[in-house]
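In mature numbering (1 follows the signal peptide of the UniProt record, and there is no 0), the protein residues as written are -23 to -1, 1 to 958.
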């Protein structure tokens, strides 16, 4: 075992290479180490001050991001589970940085406050690497600190217990035909309701073995490692036998590949990482063999040359590229190559990536093979810094210290804000995003600290640990080994070397230094740097002259858009024409990727206030660069009834001024500039305006929102919102059915509860009932409406009329029995079991109804009261507020059913083809035109309508079945599963 450990540590970090003279002094290294500690403290204290116990910090808003509290960001939110994710992920970073007191305090907070028994769907992959990995890393260091008398004398494996609980909740995901886990799990209900999620990525399924095996070997419970091993074995069996390559997405039940592209980035990256690290941690030869087979295949098909970037290929046809861009996640690969001993290849790829960061400032989330930006986002990922750290460990070359220092400088200069560090939304413009992922503190700062630390600075020796894909520490010790082995860590590559001099390292890097620059020409024909798209300003006369020389002209369209037109024949020279073409390509790329700054970053909304919508219907629209800024009003937007302008285009004085006065007026796009429409609406007395796109079929789903441009004057004071044709048609259709429809245009919608309370107050006033501040007073609640038991049944019968039997589960005894009572097939529930059946039935009915329409907590309580009355067979009384709630709930159900039926009737119709890139107007061999538009990319759910859930209800009419149902329910509610049921 000692031989194995010595071999691993030797190859991992090439300690024989540590005799080089350091070009960076210890004082300078200490300066950067201290700077990292200060930056980490700023980020961590900001999270604890403004966000904890939320999962993430929103550094621009100075608040926490809870799951469900902010607009959904899609898959990225599936790492959140309302379990203080950032704190869990950061615990072992606190220990590594020597923040012992804060580490102990953080551990206590997690032990006291974190629980996983929540009804939330999370990513199995993220839960494993961030939560279970974070808990295990913190447990191991807490135990280490206790054993060595540093701190944590009170610690009794509480974090290990939490990690076990979390892992047990993931186990149902592995119950698939292949053993490959489902991608998502409900922490409370397991895989219930998740049968549709059948596809997962290779990395998602193949990045379980380290955490699960460590947990098994620390607790003695073999099941965790067994599940992870079975998943890895299944993936290995699904490799392409001709190429030994893996695909990216597969079906967990059939094992069929859904996406067959193979590479090193997103969707597959950490699968390779965990094969090699599983061998290092666990000492089992099969993992090294599998990694070696894959590595040879990748060197042959994906990354043949150190002078080019790895490119995804088709696993079954590797001579064919799958895409022309790569993603930032592949930056982990040089670090893994160091662990594999192929340091020369690692140096070459790292240098290419370094040159990309030099050109763009940061590593874009995706970039083309000729090093141009493909996706400009940068969330402060750690992978490039991780590889930098491992290469410095392997070579002791001070070049990597300079690379790290440059990254520290850039992060501090460009991403530091008052409340932490913000992700970069666009590396071209440096616009920031309101996002600080947990890995920033867990990985990015940890690797930077390790890069600049001397051995005497560290209370945790990193050479005694293996770092997981989330940089959590697992011990390289006999605890993790099943049995002693004499296996040697030898991949038998001819270039498996640790360069023993700075000259050797420099010799590998120097030929690559200019590759990025040569691939991206930047100089004009006279030797000067040519104008780049990101530098261009329409107000700069020098820039306009540069464009003229390149054959590029600016044209202002009638609707206010500014259009760039390129003609090669108008350029001063062929070289200038070529520069103009490059400029246009950059501008297309920028308009595709860039986001607006300031208030124009987010969409505006149209919220339906009047009955039957009561705030549940919201459409997203684009803002205007003129008029009242709705963001300043927040939820207090402009409210009013809707009206259509006459003429509908709104390009001349309105002829229906009486009808539009003090209303929000709808106009159609086209025939004049947006600002002209706004002026005509304002002159007619409108309080706001909504511009609807005149391109049939355009929609929020297929087009990017943009900001309506003005003409530089500030004479318009009313706000305008832009809707695409599909959303605009939906708005006008509803207006045709509800002529007094009232809406609000705003930056953020009002809460539906506040709108319902106001509607209740209005209804109470119409009935002569008093109210204060929009809420029913005690006097209003004293106005009672007596309901007989038959009337109670009638109300509930209306509310459950759309529930079908397939929406019920086989063990839904309580709700089936209650439905039978409502429909008159059964009598009241026996008193001894009345509360249990009433509570279970009302919970399921609320769950089913809320899958179709929104139900607030107050509405849910009223439904529970109705169900309880039915189960007891007694009459009841509703006050004015409760009566309004029930009435509006029935209206909302009617709207839902009508919309769903209409959708089902139209389901056979084909959708229009999505428009081509909205920025490109025309492109030919000689002339190329693009619009410069300011884009907004956030996508939110605009619809009140949910997908219909199937249903199937079998009534049981005789008393014997009634007794059996109650008896079965008694058995279940008396078991340990009462709460879950």
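Where is the CB? At the ideal position from N, CA and C, for every residue including glycine.
Contact check, residue i vs residue j under 8 Å by CB: the rounded distance?
i, j, result
"residue 614", "residue 699", "Going by Cβ atoms, the distance from residue 614 to residue 699 rounds to 15 Å, so no, they are not a contact pair."
"residue 663", "residue 693", "Actually they are not in contact, since the Cβ atoms of residue 663 and residue 693 sit about 11 Å apart, beyond 8 Å."
"residue 766", "residue 852", "5 Å"
"residue 250", "residue 313", "6 Å"
"residue 620", "residue 640", "4 Å"
"residue 86", "residue 64", "7 Å"
"residue 397", "residue 20", "5 Å"
"residue 627", "residue 657", "5 Å"
"residue 399", "residue 358", "About 14 Å separates the two Cβ atoms, so there is no contact after all."
"residue 599", "residue 684", "6 Å"
"residue 868", "residue 588", "6 Å"
"residue 303", "residue 286", "5 Å"
"residue 350", "residue 298", "Incorrect: roughly 19 Å between the Cβ atoms, too far for contact."
For residue i versus residue j, is the C-beta distance shorter than 7 Å?
i, j, result
"residue 109", "residue 144", "yes"
"residue 733", "residue 591", "yes"
"residue 385", "residue 829", "no"
"residue 136", "residue 451", "no"
"residue 308", "residue 360", "yes"
"residue 696", "residue 617", "no"
"residue 244", "residue 178", "yes"
"residue 583", "residue 711", "no"
"residue 548", "residue 527", "yes"
"residue 289", "residue 300", "yes"
"residue 355", "residue 293", "no"
"residue 394", "residue 585", "no"
"residue 37", "residue 411", "yes"
"residue 196", "residue 141", "yes"
"residue 169", "residue 94", "no"
"residue 661", "residue 637", "yes"
"residue 111", "residue 54", "no"
"residue 557", "residue 529", "yes"
"residue 98", "residue 153", "no"
"residue 24", "residue 34", "yes"
Considering only DSSP beta bridges, list what residue i is partnered with.
i, result
"residue 291", "238 and 294"
"residue 178", "226"
"residue 352", "343"
"residue 603", "Its beta-bridge partners do not exist; DSSP assigns none."
"residue 530", "542"
"residue 401", "355 and 409"
"residue 844", "Answer is none; residue 844 lacks a bridge partner."
"residue 618", "719"
"residue 42", "33"
"residue 642", "620 and 666"
"residue 452", "442"
"residue 598", "581"
"residue 162", "99"
"residue 304", "343"
"residue 862", "In DSSP, residue 862 forms no bridge with anything."
"residue 393", "398"
"residue 167", "163"
Check your understanding: At what residue ranges does the region 652 to 728 contain a whole run of the beta strand (DSSP E), taking only runs of 3 or more?
Key -> Whole beta strand (DSSP E) segments, 3+ residues: 665 to 669, 697 to 700 and 719 to 723.
Exercise for review: At 3 residues or longer, and completely inside the region 55 to 143: list those beta strand (DSSP E) runs for me, N to C.
Suggested key: DSSP assignment within the region 55 to 143 yields the following whole beta strand (DSSP E) runs of 3 residues or more, N-terminal first: 98 to 100.
Exercise for review: Please determine if the region 94 to 106 and the region 175 to 190 are in contact, where contact requires at least 3 C-beta pairs separated by less than 8 Å.
Suggested key: Enough Cβ pairs lie closer than 8 Å, so yes.
Review point. Using 8 Å as the threshold, is the region 162 to 174 in touch with the region 117 to 131, meaning 3 or more CB pairs across them?
Key: Because the criterion of three Cβ pairs below 8 Å is not met, the region 162 to 174 and the region 117 to 131 do not touch.
Check your understanding: Three or more beta-carbon pairs under 8 Å between the region 18 to 30 and the region 372 to 381, yes or no?
Key -> Output reads no: the region 372 to 381 does not touch the region 18 to 30.
Exercise for review: Flag this pair as touching only if the region 67 to 83 and the region 407 to 427 have three or more C-beta atom pairs under 8 Å; answer yes or no.
Suggested key: The region 67 to 83 vs the region 407 to 427: in contact.
Practice item. Evaluate contact between the region 319 to 333 and the region 387 to 407, counting only Cβ atoms and requiring at least three cross-stretch pairs below 8 Å. Key: Contact between the region 319 to 333 and the region 387 to 407 is absent, because fewer than three Cβ pairs lie under 8 Å.
Practice item. Indicate whether the contact test is met: 3 or more Cβ pairs, each with one atom in the region 223 to 242 and one in the region 421 to 432, closer than 8 Å. Key: No, because fewer than three Cβ pairs between the region 223 to 242 and the region 421 to 432 fall closer than 8 Å, the two stretches do not touch.
Exercise for review: Give a yes or no on contact between the region 186 to 201 and the region 255 to 270, applying the rule of three or more CB pairs nearer than 8 Å.
Suggested key: Contact check between the region 186 to 201 and the region 255 to 270: three or more CB pairs, one atom from each, fall below 8 Å, which counts as touching.
Check your understanding: Between the region 665 to 676 and the region 549 to 563, do at least 3 Cβ pairs fall closer than 8 Å?
Key -> Contact check between the region 665 to 676 and the region 549 to 563: fewer than three CB pairs, one atom from each, fall below 8 Å, which does not count as touching.
Check your understanding: What residue ranges within the region 188 to 226 form continuous alpha helix (DSSP H) runs of no fewer than 4 residues, ordered along the chain?
Key -> The region 188 to 226 contains these whole alpha helix (DSSP H) runs: 200 to 214.
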